[in-house]
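Engineer: Quick one: this structure, given as structure tokens, is what I'll be asking you about.
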Amino acid sequence: VNAIIDDPQPGSRTLWIATAHGLNRFDTVTETFSHYFPDSKNAAAEANFITALAADDSGGLWIGTMAGVLRFDIKANRFVNPSETFEYGAPPRGNINTLITDHTGILWVGEESGGLHKLVPRKFSHHLLPEGGPSNQILAIYQDKRNSLWLGTAAGLVRYDRSSTRTRNFKHDPTNPNSLRAGSVSFIHADQSGNLWIGSWGGGLSRFAPATDKFVHYHFNPRDPSSLSSDFLHCVAEDNNGMLWIGTAGGLNRFDPHSGRAQRFLHDPNDPHSIPANEVFSLLVDRSGALWAGTALGGLSKFDPVTGRCQNYVHDPNDRSSLSNRTVTALHQDRSGTLWIGTYSGGLCALQRDKNGDEKFINYMVDSGLPSNKIQAILEDEEGRLWLSTNNGVARFDPITKNVRRYTVQDGLQHAQFFRNAAWRNAAGEVFFGGSNGFNSFFPAQIRDDPWPAPVVLTQFKKFDHVQRFDRPLAVIENIALRHDENFFSFEFVALDYAGAENVQYAYKLEGLDQDWRYCGEQRIATYTNVDPGEYVFRVKASNHDGVWHERGASIEIAIAPPFWQTAWFFLASLGATMLTAYALFQYRLRAQVRKSLELERVRFLEREKVREQIARDYHDEMGHKITKIGLFSELLTRNVNGIARELKEHLDKVLEASQSLALDARDFIWALNPEKDSLYETCLHLQEFGNTLFEESEINFQVQGLSEALAHVKLNMEWKRHLTLLFKEGMNNVLKHARCKNVVLEIEIQHGNLQMSLADDGVGLTHINGHVRNGTGVGLENMKRRAQLLHGQLEIESPEGKGTTIRFLSALPMNGY
Numbered sequence: 030v031n032a033i034i035d036d037p038q039p040g041s042r043t044l045w046i047a048t049a050h051g052l053n054r055f056d057t058v059t060e061t062f063s064h065y066f067p068d069s070k071n072a073a074a075e076a077n078f079i080t081a082l083a084a085d086d087s088g089g090l091w092i093g094t095m096a097g098v099l100r101f102d103i104k105a106n107r108f109v110n111p112s113e114t115f116e117y118g119a120p121p122r123g124n125i126n127t128l129i130t131d132h133t134g135i136l137w138v139g140e141e142s143g144g145l146h147k148l149v150p151r152k153f154s155h156h157l158l159p160e161g162g163p164s165n166q167i168l169a170i171y172q173d174k175r176n177s178l179w180l181g182t183a184a185g186l187v188r189y190d191r192s193s194t195r196t197r198n199f200k201h202d203p204t205n206p207n208s209l210r211a212g213s214v215s216f217i218h219a220d221q222s223g224n225l226w227i228g229s230w231g232g233g234l235s236r237f238a239p240a241t242d243k244f245v246h247y248h249f250n251p252r253d254p255s256s257l258s259s260d261f262l263h264c265v266a267e268d269n270n271g272m273l274w275i276g277t278a279g280g281l282n283r284f285d286p287h288s289g290r291a292q293r294f295l296h297d298p299n300d301p302h303s304i305p306a307n308e309v310f311s312l313l314v315d316r317s318g319a320l321w322a323g324t325a326l327g328g329l330s331k332f333d334p335v336t337g338r339c340q341n342y343v344h345d346p347n348d349r350s351s352l353s354n355r356t357v358t359a360l361h362q363d364r365s366g367t368l369w370i371g372t373y374s375g376g377l378c379a380l381q382r383d384k385n386g387d388e389k390f391i392n393y394m395v396d397s398g399l400p401s402n403k404i405q406a407i408l409e410d411e412e413g414r415l416w417l418s419t420n421n422g423v424a425r426f427d428p429i430t431k432n433v434r435r436y437t438v439q440d441g442l443q444h445a446q447f448f449r450n451a452a453w454r455n456a457a458g459e460v461f462f463g464g465s466n467g468f469n470s471f472f473p474a475q476i477r478d479d480p481w482p483a484p485v486v487l488t489q490f491k492k493f494d495h496v497q498r499f500d501r502p503l504a505v506i507e508n509i510a511l512r513h514d515e516n517f518f519s520f521e522f523v524a525l526d527y528a529g530a531e532n533v534q535y536a537y538k539l540e541g542l543d544q545d546w547r548y549c550g551e552q553r554i555a556t557y558t559n560v561d562p563g564e565y566v567f568r569v570k571a572s573n574h575d576g577v578w579h580e581r582g583a584s585i586e587i588a589i590a591p592p593f594w595q596t597a598w599f600f601l602a603s604l605g606a607t608m609l610t611a612y613a614l615f616q617y618r619l620r621a622q623v624r625k626s627l628e629l630e631r632v633r634f635l636e637r638e639k640v641r642e643q644i645a646r647d648y649h650d651e652m653g654h655k656i657t658k659i660g661l662f663s664e665l666l667t668r669n670v671n672g673i674a675r676e677l678k679e680h681l682d683k684v685l686e687a688s689q690s691l692a693l694d695a696r697d698f699i700w701a702l703n704p705e706k707d708s709l710y711e712t713c714l715h716l717q718e719f720g721n722t723l724f725e726e727s728e729i730n731f732q733v734q735g736l737s738e739a740l741a742h743v744k745l746n747m748e749w750k751r752h753l754t755l756l757f758k759e760g761m762n763n764v765l766k767h768a769r770c771k772n773v774v775l776e777i778e779i780q781h782g783n784l785q786m787s788l789a790d791d792g793v794g795l796t797h798i799n800g801h802v803r804n805g806t807g808v809g810l811e812n813m814k815r816r817a818q819l820l821h822g823q824l825e826i827e828s829p830e831g832k833g834t835t836i837r838f839l840s841a842l843p844m845n846g847y
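Residue numbers (our numbering): 30 to 847.
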């Protein structure tokens, strides 16, 4: 006995024993042996001398012999040639001493004369039909209850016995009406009675009864409206009533298997609720019984079999939440009820509802990690993950995490190209995908990615393409110092992944120069040129052969010294000398300009003040006197003319009123012109006089608080005086006209260079006067707000109903009156 191991199948009570005379199976329950010989024709053959045993992940055995490595399929109870089993490495043919499988499934083989071998098993089983048989282009797949696979190929139908690998071919024979009507099989569907429905491209529909081994054909008849609408069939789906829905190149058909009659549903360009296109690529009956149809160039349609009306979903290039493509190639409803849509060139879509209950599409494409935007088929595994066949390999998509894992020919795929209806998942969870070079089968739970990230190390450093030598390995050096003229350099690196270096990906960046990682695929060198002096950190990371990244990676610090003329001491010395010279020149010119500017400004100021003083005196003596005379003459004329006509008296009254108003305005204008009044004190004093005059004939008590000669130090220009006076005059007029108050207070307060003036009454409040006051309109408030904005201040209004009104003006005081 050379080796003994337990049976790797769960629950088994069997031992496998390697001897010099073959492989032995011992049942510990019945205490019986079974014997197996790799070379049954020659008992003394070296292949029967078994030296080592190891179990694999799929429940099989690796057998080491004096003539190389074999694999024993426990379920099939036979030896298998492992030549097509490995993704990397070829099985050795010499005397095998040791076999070990690690946690990633890699088989390590110790050979007596060949050393250590590493064999990486393929993740997917690849199956080809026997030579001389029909085409290996697998277009459709179905597995029956007897574990036989039914394969639709480009050259007919094949029944494939998985246990014996024997096949039976069904081809089109023009002389035999009981044969297939066409060579290319589009789909295979088993109904509830066990009949197989075979759709073909150009041959219509055929029913095959395995029990009788006969075909019954249904095809398009232009004289029979109850026949199929086309003989070119794409897909099929069976509803809850046993009706077959068949998608063709010429419309959608509801086919009754009992009567053999079909009802056609065709596209009508004048009916927006008809099927959007006649070429139907994919069909799905969801859990609610609704029929979904994916069309070519027409988008997706939800079909109501009762009304015959469609709810259509189209691609809108201006709407990212619409269907991503006009052609739908695959449909699948997952366990949560989400509808997944595969498209011809728009990737994968999920139809979901947002918070408002509106339907929208979430789209996933190549930039999301998919290997291709052309999805051929969608299957779901027991963990809820989606397996997608495409025209560029297979992808595993996790709907929860949105993670994508891509698989290629190197993983064991039959080819990069797969076909639409060549997809099947059996009751045991095994998945089948067919393509242009046979088909693959696999159990998703056994497709495990290597979770261990590959560490990466720096192997070489070059300056100007010359390798640099160090006293220690580069991988343990923490920093490198360079001169300013050594700024052309490169690093080489490698990931310590021995399972599949061809699939390792790299990314690097120079912190301090690169903002993001530079993904360089399989390239293992990073080159930088003309790097400025400074402190940098070079980082590199790598993925393992299954795409798991080692985020920590490797790093090394790089310090590039500046030239002496760029050093800090040289810069500071030069800067200091330059600044001293510039400062001396600047001070000399500044003092001269300041003296000149101050003298010029003083002259201009004196001239302006003299002009304002002269204008104020002239207006006061001339315009004020004349306006007063107009008012007096108008009043005398009104009093001394008896029996004057009423219309003429009204005109005289208006003249009198206008002259009085003009006199007040002229007084304000002359006051504003007078430079002696350019202070906050004079402005507030002017407002006090105005308020006393305005309210003296009313029952309103007017007071001013905060008025002191200290305000004379706050200088105001003409604009400030004018707008501030008119703002509060407007407020006082509003109080007199509308407030119905007993007291009104004007308050002045200065704090930290900010002016706050308020006018408060104890009247009825603004909302009692005008319901629109809260919106900032009415009773002159718009004019007041405009004047506050012109002074770069803000106007606050507080008017609780029945508790009076406070109008508060807030602003920073102007600098020197400007």
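Even for Gly, the Cβ is constructed at its ideal location relative to N, Cα and C. Nothing here was measured: the structure is a model prediction, and the numbers come from that model.
Take every Cβ of the segment 566–573, pair it with every Cβ of the segment 610–626, and state whether three or more of those distances are shorter than 8 Å.
Structural biologist: As far as the Cβ criterion goes, the segment 566–573 does not touch the segment 610–626, which means the pair count is below three.
Engineer: Taking I826 as the reference, which of A789, T59, L709 and T324 has the closest Cα?
Structural biologist: As a first step, residue 826 must be located in the sequence shown, where it is residue number 797. For the residues A789, T59, L709 and T324, the minimum Cα distance to I826 belongs to A789.
Engineer: May I have the straight-line CA-CA distance separating R191 from W179, to the nearest angstrom?
Structural biologist: As a position in the sequence shown, residue 191 is number 162, starting the count at 1. As a position in the sequence shown, residue 179 is number 150, starting the count at 1. The straight-line gap from Cα to Cα measures roughly 11 Å.
Engineer: Let's test the definition: count the other Cβ atoms within 10 Å of the Cβ of W598 and tell me whether it reaches 16, buried, or not, exposed.
Structural biologist: The residue you call residue 598 lines up with position 569 of the sequence shown. W598 should be labelled exposed.
Engineer: By the three-class DSSP mapping on this structure, what secondary structure does W481 have?
Structural biologist: One-based indexing of the sequence shown puts residue 481 at position 452. Coil, per DSSP.
Engineer: Beta carbon of D56, beta carbon of T48: below 8 Å?
Structural biologist: Counted from its first residue, the sequence shown places residue 56 at position 27. Counted from its first residue, the sequence shown places residue 48 at position 19. No, they are not a contact pair.
Engineer: On the three-state DSSP scale, how would you describe H801?
Structural biologist: Counted from its first residue, the sequence shown places residue 801 at position 772. No answer about H801 holds up, because its pLDDT of 43 lies below 50 and its placement is not dependable.
Engineer: Taking its Cβ as the centre, do 16 or more other Cβ atoms sit within 10 Å of I92, making it buried, or is it exposed?
Structural biologist: The residue given as residue 92 occupies position 63 in the sequence shown. So I92 ends up on the buried side.
Engineer: Is it the case that the CB of T61 approaches a heavy atom of the ligand COA more closely than 7 Å?
Structural biologist: The ligand COA is absent from the structure shown, which contains no ligands of any kind.
Engineer: Candidates W453, T430, W416 and R454: which alpha carbon is nearest Y436's?
Structural biologist: Here residue 436 is taken as the residue at index 407 of the sequence shown, counted from 1. Answer by Cα proximity: W416.
Engineer: On the CB-based measure, 16 or more other CB atoms within 10 Å of its CB, does T806 come out buried or exposed?
Structural biologist: For the purposes of this step, residue 806 is taken as the residue at position 777 of the sequence shown. With a pLDDT of only 45 at T806, under the threshold of 50, the placement of this residue in the model should not be trusted; the figure read from the coordinates follows. Under this definition T806 is an exposed residue.
Engineer: Using 8 Å for Cβ pairs, my map puts R328 next to P305. What's the rounded Cβ distance?
Structural biologist: Start at 1 with the first residue of the sequence shown, and residue 328 comes out as number 299. Start at 1 with the first residue of the sequence shown, and residue 305 comes out as number 276. Reading the sequence as shown, one finds Gly at residue 328 and not Arg. Correct: roughly 6 Å between the Cβ atoms.
Engineer: To the nearest angstrom, how far is the alpha carbon of A32 from that of Q439?
Structural biologist: For the purposes of this step, residue 32 is taken as residue 3 along the sequence shown, with counting starting at 1. For the purposes of this step, residue 439 is taken as residue 410 along the sequence shown, with counting starting at 1. Their backbone Cα atoms lie some 33 Å apart in a straight line.
Engineer: Let me make sure I understand the geometry here. Which of Y171, P829, I79 and F101 has the alpha-carbon closest to that of G88?
Structural biologist: Along the sequence shown, read from residue 1 onward, the residue named residue 88 stands at position 59. Out of Y171, P829, I79 and F101, F101 has the C-alpha closest to the C-alpha of G88.
Engineer: What do you get for A105, buried or exposed, if any count of 16 or more other CB atoms within 10 angstroms of its CB means buried?
Structural biologist: Walking along the sequence shown from the start, residue 105 turns up at place 76. Flag for A105 reads exposed.
Engineer: Given a cut-off of 8 Å on the beta-carbon distance, is the pair A524 and V485 in contact?
Structural biologist: On the sequence shown, residue 524 is found 495 positions in, with the first residue counted as 1. On the sequence shown, residue 485 is found 456 positions in, with the first residue counted as 1. Taking 8 Å as the Cβ cut-off, A524 and V485 qualify as a contacting pair.
Engineer: Using the C-alpha atoms, what's the distance from P120 back to G139?
Structural biologist: The count along the sequence shown starts at 1 and reaches residue 139 at position 110. The count along the sequence shown starts at 1 and reaches residue 120 at position 91. Computed Cα separation, rounded: 11 Å.
Engineer: Quick one: Cα of R751 to Cα of V623, how far?
Structural biologist: Numbered from 1 along the sequence shown, position 722 holds the residue referred to as residue 751. Numbered from 1 along the sequence shown, position 594 holds the residue referred to as residue 623. Taking the straight line from one Cα to the other gives about 32 Å.
Engineer: For the segment 808–819 and the segment 731–746, state whether three or more C-beta atom pairs, one from each stretch, are separated by less than 8 Å.
Structural biologist: Short answer: they don't touch.
Engineer: Tell me which same chain residues have a C-beta within less than 6 Å of the C-beta of H444, skipping the five on either side of it?
Structural biologist: Here the question's residue 444 lines up with position 415 in the sequence shown. Closer than 6 Å at Cβ, skipping near neighbours: G464, S465 and N466.
Engineer: Restricting to Cα atoms, I'd like to know which of M747, F724 and V433 is closest to S873.
Structural biologist: Residue 873 lies beyond the stretch modelled for the chain, which goes from 30 to 847, so this question has no answer here.
Engineer: I'd like to know whether the C-beta atoms of Q362 and D315 end up nearer to each other than 8 Å.
Structural biologist: Translated into the one-based positions of the sequence shown, residue 362 becomes position 333. Translated into the one-based positions of the sequence shown, residue 315 becomes position 286. A contact, by the Cβ cut-off of 8 Å.
Engineer: First and last residue of the beta strand (DSSP E) that includes Q362?
Structural biologist: Counting from 1 along the sequence shown, the entry for residue 362 is found at position 333. Where Q362 is concerned, the enclosing beta strand (DSSP E) stretches over V357 to Q362.
Engineer: Label S727 either buried or exposed according to how many other C-beta atoms from any shown protein chain fall within 10 Å of its C-beta, with 16 as the threshold for buried.
Structural biologist: For the purposes of this step, residue 727 is taken as residue 698 along the sequence shown, with counting starting at 1. Exposed: under 16 other Cβ atoms inside 10 Å.
Engineer: Relative to the C-alpha of S222, which candidate in L209, H248, E267 and R293 has its C-alpha closest?
Structural biologist: Here residue 222 is taken as the residue at index 193 of the sequence shown, counted from 1. The option with the nearest alpha carbon to S222 is E267.
Engineer: Near L511, what residues of its chain come up, given a Cβ to Cβ distance below 8 Å and the 5 sequence neighbours on each side ignored?
Structural biologist: The residue labelled residue 511 in the question sits at position 482 within the sequence shown. If we look at L511 and ignore the five residues flanking it on each side, its Cβ neighbours are K492, F518, I587, A588, I589 and A590.
Engineer: Given a threshold of 16 other Cβ atoms within 10 Å of its Cβ, counted over all protein chains shown, does F40 qualify as buried or as exposed?
Structural biologist: In the sequence shown, residue 40 corresponds to position 11, counting from 1. This sequence places Gly at residue 40; Phe is not what is there. G40 comes out exposed.
Engineer: My output table needs one value for R195: the three-state DSSP class, helix, strand or coil.
Structural biologist: Counted from its first residue, the sequence shown places residue 195 at position 166. Correct three-state label for R195: coil.
Engineer: Counting C-beta neighbours from all protein chains within 10 Å, is the total for N354 16 or more, i.e. buried, or is it exposed?
Structural biologist: Taking the sequence shown and counting its residues from 1, one reaches residue 354 at position 325. Answer is buried; the Cβ neighbour count reaches 16.
Engineer: Between the alpha carbons of I404 and F310, how many angstroms are there, rounded?
Structural biologist: Translated into positions along the sequence shown, residue 404 becomes position 375. Translated into positions along the sequence shown, residue 310 becomes position 281. About 12 Å.
Engineer: Sorted by chain position, which residues of the same chain lie with C-beta nearer than 7 Å to N516's C-beta, five sequence neighbours on each side aside?
Structural biologist: By one-based count along the sequence shown, residue 516 stands at place 487. The answer, listed in chain order, is N559, V560 and I589.
Engineer: Which of helix, strand or coil does DSSP assign to G40?
Structural biologist: Counted from its first residue, the sequence shown places residue 40 at position 11. Coil.
Engineer: When the distance is taken between beta carbons, is L442 closer than 8 Å to V423?
Structural biologist: Residue mapping note: residue 423 aligns to position 394 of the sequence shown, counting from 1. Residue mapping note: residue 442 aligns to position 413 of the sequence shown, counting from 1. The answer is yes: Cβ separation under 8 Å.
Engineer: On the three-state DSSP scale, how would you describe E540?
Structural biologist: Position 511 of the sequence shown, counted from the start, is the residue given in the question as residue 540. Here E540 sits in strand by DSSP.
Engineer: Among residues of its own chain, excluding the 5 on either side of G800, which ones have a beta-carbon nearer than 8 Å to its beta-carbon?
Structural biologist: Within the sequence shown, numbered from 1, the residue matching residue 800 stands at position 771. Residue placement at G800 is flagged as unreliable, the pLDDT there being 43, under the threshold of 50; a coordinate-derived value is accordingly withheld.
Engineer: Going straight from the alpha carbon of G822 to that of R837, what length do you get?
Structural biologist: As a first step, residue 822 is located in the sequence shown; it is residue number 793 there, counting from the start. As a first step, residue 837 is located in the sequence shown; it is residue number 808 there, counting from the start. Distance between the alpha carbons of G822 and R837: 10 Å.
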